[in-house]
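Numbering (the working numbering), first residue to last: 5 to 207. A quick write-up on the structure given underneath.
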Amino acid sequence: MTIDGFDSVIPPGQEGKITLTLIAVGFTGLISKSVEVTTNDPQRPKFTLSLHAFIIVPGPHPGRRVGPFVFTPSPRWSARVPRGGRAKTSFTIYNDGPQPVRLTQLIPGGEAFALDLETLQAGRLYVVTAKSAPSLLTGKYAQTVKLATESREFPELSLQLEVIIIPPVLVEPEALSFNDLQLSSVGADAQVESRFILGSKIK
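Put into C-alpha cells, the structure is as follows:
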C-alpha cells in the first residue's frame, strides 16, 4: 500500500484527506493493511487507519469448500508459540452461491482462543480472527469453533484450532552422546572438539 498524498494542515473544525493506493497484483483473498498517522494534537497524537479488501480472481476460489462456503486458506489451523506469547490467525469465509447466506452466531467452543467474527459483506463475506490466550501453560490445546448459518443444508460450520505452547527456551537435542575424546593423542585439537560440543541448537 502506498500513500499518494495527504493534507498536512487541517484548520479547526474542518476535514482533511489522506489518499492511499492498494496494489493488489499477485494477491488473492483477504488483504489487511494499516497506516499510522502522527499529528500535533495533544489529545490524539497518533491513530491508525486500517484497510481490508477481499481480492477475487477469475476461476474457482482457493481454499476448502463446504457447500456454498469457501474457507481461505482452510478450516484447520495449528501453530507453535513460546509460553507467554500469542499465536494469531484469520479465516476468510466466502459465500459464492446464488443467494446470500448470513452467519448468525459464533460459538467459541473453549477458552484457549479469543475469537472475533467480522462481517465484511452481509451474506457473502466474513472474517474470523483467532488469538491464543497468553496465559496458556506448556502443552497442546485444541478448540472447535462453531458458526451458525441461515442455510438449511449447512446450518453449522466448524473451524479446528490447535496451538502447542512450548517452553521459552528449547534445546534440541536434549542430550548429546560422544565417544571418548582422545585429546592427549598427537595432533588432537581441543578447539575443534569444543566447537563441536557447543553445536547444540537453542531456540
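All C-beta atoms, glycine included, are put in the ideal place defined by N, C-alpha and C. Nothing here was measured: the structure is a model prediction, and the numbers come from that model.
| Asked | Found |
| --- | --- |
| For L208, the three-state DSSP class (helix, strand or coil) | The requested residue 208 does not occur in the structure, where the chain is confined to residues 5 to 207. |
| Proximity test, G67 beta-carbon vs the ligand HEM heavy atom, cut-off 6 Å | In terms of ligand content, the structure shown is empty, and the ligand HEM therefore cannot be addressed. |
| Range covered by the beta strand (DSSP E) that runs through G9 | T6 to F10 |
| Coarse secondary structure for D120, derived from DSSP in three states | strand |
| 7 Å Cβ cutoff met for G20 and D11 | yes |
| 8 Å CB neighbourhood of L202 in its chain, flanking five on each side removed | Note on L202: pLDDT 47, under 50, position unreliable in the model; the coordinate value appears next. Here the set comprises nothing. |
| Close Cβ partners of E122 (< 6 Å) along its chain, the five nearest in sequence each way excluded | V131 |
| Alpha carbon of T142 to alpha carbon of T25, nearest angstrom | 43 Å |
| With 16 other Cβ atoms within 10 Å as the buried cut-off, status of T52 | exposed |
| Burial state of S155, where buried means 16 or more other Cβ atoms lie within 10 Å | buried |
| Buried versus exposed, by CB contacts within 10 Å (16 or more), V13 | exposed |
| Residue interval of the beta strand (DSSP E) (run including K92) | K92 to N99 |
| For R80, the nearest candidate out of T93, G71 and G88 (CA to CA) | T93 |
| Beta bridge counterpart(s) of E154 as assigned by DSSP | Per DSSP, none; premise fails for E154. |
| Whether M5 touches K50 by CB criterion (7 Å) | no |
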